[in-house]
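Taking it in order: structure first as structure tokens, then the write-up.
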Amino acid sequence: MSSLVIKLLILLCVAAAAVFVLFQLGSSAASFTFEFREDVIDLNILNTVRREANVGNLSDVNLEELSTRELLLTMHSHIDNANTLCNRKIRMGYTGDGGWEICDDPDVRPRVPCIIYSFGISYDFSFDDDAAKLYGCHVYSFDPSMRREKDFYDRSSHVHFYKIGLSGTTYVNQDNKWLLMTFRDIREKLGHTNTTVDIVKMDIESSEWEALPEMVASGELRRVKQLLLEYHLVDQTRDYLLPRLKAIQAVESVGFQKFYVHKNHACTVSSVFPVTRTRCYEVHYLKR
1 MSSLVIKLLI
11 LLCVAAAAVF
21 VLFQLGSSAA
31 SFTFEFREDV
41 IDLNILNTVR
51 REANVGNLSD
61 VNLEELSTRE
71 LLLTMHSHID
81 NANTLCNRKI
91 RMGYTGDGGW
101 EICDDPDVRP
111 RVPCIIYSFG
121 ISYDFSFDDD
131 AAKLYGCHVY
141 SFDPSMRREK
151 DFYDRSSHVH
161 FYKIGLSGTT
171 YVNQDNKWLL
181 MTFRDIREKL
191 GHTNTTVDIV
201 KMDIESSEWE
211 ALPEMVASGE
221 LRRVKQLLLE
231 YHLVDQTRDY
241 LLPRLKAIQA
251 VESVGFQKFY
261 VHKNHACTVS
271 SVFPVTRTRC
281 YEVHYLKR
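Going by full-length UniProt numbering, the residue at position 189 of the sequence shown is 189; the numbering climbs one at a time, nothing skipped.
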């Protein structure tokens, strides 16, 4: 058999194999469907999120009417979407965990005399020190868990520490003897009752869900220009999600908008979402 005939036979075999493979792939693609399971990302879930989740303004949403699934989609998708622009963000504190973004736009920039509250320190004063140095603000740092610290002391001329925690009521926790106070009572204690607070930073390990409703109900949150806080999400039940979405709704009802959101990757979880989700969202709000 000549070499030419052999070459032609080889080419025919290759072509036939290619046609067979393409046919099989086409048949598989036509019959394959994606399951909606917790351990598999549904490639159509992005459309589901857009259809079923409320990622925009929550003010007109009746959360009571949402199913558990809709509450879950709304919680993660809404938190993760910024809805206002900050042209100039400046990071205060460490570049990793412990640092936060301040919006430095002229209409919300802290100016002397200015006040910053920082709740949740865990021996990391990098945000507090940087903000005091850059803006010349008096920074009030709060953390009841820092047992090695005095109940009160001046860390510097502009950074003042209090061994007090933020909560929805004022009381002493009998388990660990921590003094916990409402936002209103803390402002009264410091003589700031009628004073605007330029920035409130909160990283208080789920206690934000107790503190925020009181901050809104008392009217004190209206006197804050920027709110930087970490939302902690540890459950997916309706009883857990609904009051927390209502707290977020209440925060936004007084005029706060998200200018930056950061997922804390230390809390990253697998889910059906098309992008990374986490149990800890660092959300940066401003009010113009």
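From the three backbone atoms N, C-alpha and C, an ideal C-beta is built for every residue, glycine too.
This one's a predicted model, so the numbers in the text were calculated from it and none came from an experiment.
For the pair of segments examined, the segment 139-149 was found to touch the segment 103-117: the number of CB pairs separated by less than 8 Å reaches three. Across the set L190, S126, D128, Y285, the C-alpha of Y285 shows the shortest separation from the C-alpha of R222.
The way I'd put it, the segment 224-242 does touch the segment 59-77; three or more beta-carbon pairs between them come closer than 8 Å.
Distance from the CA of G99 to the CA of S126, rounded to the nearest whole angstrom, comes to 7 Å. Counting the other Cβ atoms within 10 Å of the Cβ of V159 gives 16 or more, which makes it buried. Two segments are said to touch when three or more pairs of C-beta atoms, one from each, lie closer than 8 Å; by this definition the segment 79-87 does not touch the segment 202-210.
In the same chain as T196, and ignoring 5 residues on each side of it, the C-beta atoms closer than 6 Å to its own belong to R223, in chain order.
M146: not part of any alpha helix (DSSP H); DSSP gives it neither H nor E. Here P113 is exposed, its C-beta having fewer than 16 other C-beta atoms within 10 Å. Cα atoms of Y162 and D151: separation of roughly 6 Å, rounded to the nearest angstrom. Counting only runs of 4+ residues, the alpha helix (DSSP H) found wholly inside the segment 77-142 occupies 126-135, in chain order. Residue state for R155 is assigned as coil, using DSSP reduced to three classes. Boundaries cannot be given for L233, as no alpha helix (DSSP H) includes it and DSSP labels it neither H nor E. If the five residues before and after I199 are omitted, its C-beta is found closer than 6 Å to the C-beta atoms of I116, Q226, all from its own chain and listed in chain order.
Under a 10 Å Cβ-count criterion, L71 is classified as buried, with 16 or more other Cβ atoms of the shown protein chains found around its own Cβ. DSSP lists N173 as the beta-bridge partner residues of W178. In the three-state DSSP reduction, L166 falls in the strand class (E or B). For F259, the uninterrupted beta strand (DSSP E) segment begins and ends at 257-263. When DSSP reads this structure, L73 sits in no beta bridge, so it has no partner. P110 sits close to A131, with the two beta carbons spaced by under 9 Å. N194 and D104 have their C-alpha atoms roughly 24 Å apart. DSSP, reduced to helix, strand and coil, places D203 outside both helices and strands of the structure shown, so it counts as coil.
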